[in-house]
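There are 2 protein chains.
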Amino acid sequence: MAETQFDLEGFLPYLLNQAAEAAGREFAAAYRGRYGMTRTQWRVLAHLGRFGALTATEICRRAMEEKTGVSRAVQALEERGWLVRDALAEDRRAEALSLTPAGHDAYQALAAEAIRFDALLRSRLGEERAAGLAEVLTALIGAARD
Amino acid sequence: MAETQFDLEGFLPYLLNQAAEAAGREFAAAYRGRYGMTRTQWRVLAHLGRFGALTATEICRRAMEEKTGVSRAVQALEERGWLVRDALAEDRRAEALSLTPAGHDAYQALAAEAIRFDALLRSRLGEERAAGLAEVLTALIGAARD
DNA sequence: GAGATATGGTTGCGTTTGTAACGGTTGCGA
DNA sequence: TCGCAACCGTTACAAACGCAACCATATCTC
Numbered sequence: 005m006a007e008t009q010f011d012l013e014g015f016l017p018y019l020l021n022q023a024a025e026a027a028g029r030e031f032a033a034a035y036r037g038r039y040g041m042t043r044t045q046w047r048v049l050a051h052l053g054r055f056g057a058l059t060a061t062e063i064c065r066r067a068m069e070e071k072t073g074v075s076r077a078v079q080a081l082e083e084r085g086w087l088v089r090d091a092l093a094e095d096r097r098a099e100a101l102s103l104t105p106a107g108h109d110a111y112q113a114l115a116a117e118a119i120r121f122d123a124l125l126r127s128r129l130g131e132e133r134a135a136g137l138a139e140v141l142t143a144l145i146g147a148a149r150d
Numbered sequence: 005m006a007e008t009q010f011d012l013e014g015f016l017p018y019l020l021n022q023a024a025e026a027a028g029r030e031f032a033a034a035y036r037g038r039y040g041m042t043r044t045q046w047r048v049l050a051h052l053g054r055f056g057a058l059t060a061t062e063i064c065r066r067a068m069e070e071k072t073g074v075s076r077a078v079q080a081l082e083e084r085g086w087l088v089r090d091a092l093a094e095d096r097r098a099e100a101l102s103l104t105p106a107g108h109d110a111y112q113a114l115a116a117e118a119i120r121f122d123a124l125l126r127s128r129l130g131e132e133r134a135a136g137l138a139e140v141l142t143a144l145i146g147a148a149r150d
């Protein structure tokens with residue numbers, strides 16, 4: 005029987021990983037280097053900064069992150085004084101997480117960095133291809149939620 | 005001053021990561037579940053199966069992988085009997101890595117799995133969008149190599 | 001309303017990963 | 001040819017990650 009012809013360089017999960025790691029590594033310098041943050045911490049910060057108060061579970065669902073990672077990231081951000089927990093009247097198991105003013109400042113600084121970096125990537129690709137890319141990735145993510 | 009408006013859900017590194025993790029998690033069941041392999045091990049196997057004998061450094065460069073990760077993956081694949089090291093006459097620091105027949109069999113099985121999964125992803129997206137995605141990702145990866 | 005079941009969040013532990021330092025080898029310039 | 005820098009690959013150590021087990025609370029079922 006003939007050998008299976010497998011094209012590694014056209015394999016979508018491989019390409020996605022390579023592109024994500026390349027982009028991630030490049031951007032990580034902005035938050036790991038300057039703020040000593042983990043990727044998960046940055047994600048939690050970004051979600052709270054963008055969407056306001058959330059519970060840990062909501063962050064998990066939105067960010068497709070493990071609850072244990074979120075738990076630790078929340079703890080780290082809390083110790084840094086960037087985040088506070090508030091009791092929820094309707095469910096005493098859960099906590100409403102929200103950013104302090106200092107946390108919001110950090111978010112603003114990183115968001116500005118992110119906007120710059122995103123613009124750089126989009127200029128590399130051309131705005132049209134970049135928009136198409138974002139659309140296809142979103143579709144892919146949505147399809148995987150099942 | 006107005007707040008910086010940052011659109012997390014359109015941020016390309018974020019989308020890339022989400023899509024890559026979603027696709028990777030889904031496919032990982034094929035090699036982690038059935039063969040107990042690490043992602044790096046799978047990558048090393050794939051590169052050797054696809055491109056023949058390589059040195060560890062060449063794999064690092066092609067796969068954008070850390071040399072320490074490759075070192076450990078090679079060791080694991082060697083212990084499993086899927087890979088052999090051959091001395092290189094022209095440079096006694098480096099080793100030529102290549103798959104054994106058993107390793108090649110494993111590669112074939114996983115490649116078949118990968119082809120199936122890739123086809124599934126492409127059918128989800130539609131062939132046209134999938135091809136465009138692959139092209140843009142390749143461009144992004146190429147641009148990041150600088 | 002009591003017991004079973006599900007959910008929010010934390011902790012513990014083993015695995016994986018990344019950074020830094022290290023032997024061994026090669027290549028280059030003084 | 002001697003010394004020195006660069007390079008290949010491994011090891012050591014620390015950080016991060018993921019899974020499973022675990023408390024506390026909430027919900028469901030009878």
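Read top to bottom, the protein sequences are chains A and B.
Counting with the working numbering, you get residues 5 to 150 for the letters of the first sequence.
Counting with the working numbering, you get residues 5 to 150 for the letters of the second sequence.
For every residue, glycine included, the Cβ atom is placed at its ideal position computed from N, Cα and C.
For Leu92 (chain B), no beta strand (DSSP E) encloses it, and the DSSP letter there is neither H nor E. Within chain B, no residue has its CB atom less than 7 Å from the CB of Thr104 (chain A), the nearest being about 16 Å off. Here the alpha carbons of Glu69 (chain B) and Ala134 (chain B) stand approximately 25 Å from one another.
Leu101 (chain B) has B:Leu58, B:Arg89 as its beta-bridge partners, per DSSP. When Cβ pairs closer than 8 Å are counted between the two stretches, the segment 95 to 112 of chain A is seen to touch the segment 50 to 68 of chain A, the count reaching three or more.
Using beta-carbon distances, Thr59 (chain A) does not count as an interface residue toward chain B, since no partner is under 9 Å.
For Leu144 (chain A), the enclosing alpha helix (DSSP H) stretches over residues 131 to 148.
Note on Ala26 (chain A): 16 or more other CB atoms within 10 angstroms of its CB, so buried under the neighbour-count rule. For Ile145 (chain A), the chain B residues whose Cβ falls inside 8 Å of its Cβ are Leu19, Gln22, Ala23, Ala26, in order along the chain. Take Lys71 (chain A), set aside five residues on each side of it, and the residues of its chain with a beta-carbon closer than 6 Å to its own are Cys64, in chain order. At least one beta carbon of chain B lies nearer than 9 Å to the beta carbon of Val140 (chain A).
Around Asp122 (chain A), the beta-carbon contacts reaching into chain B at under 7 Å are Phe15, Leu16.
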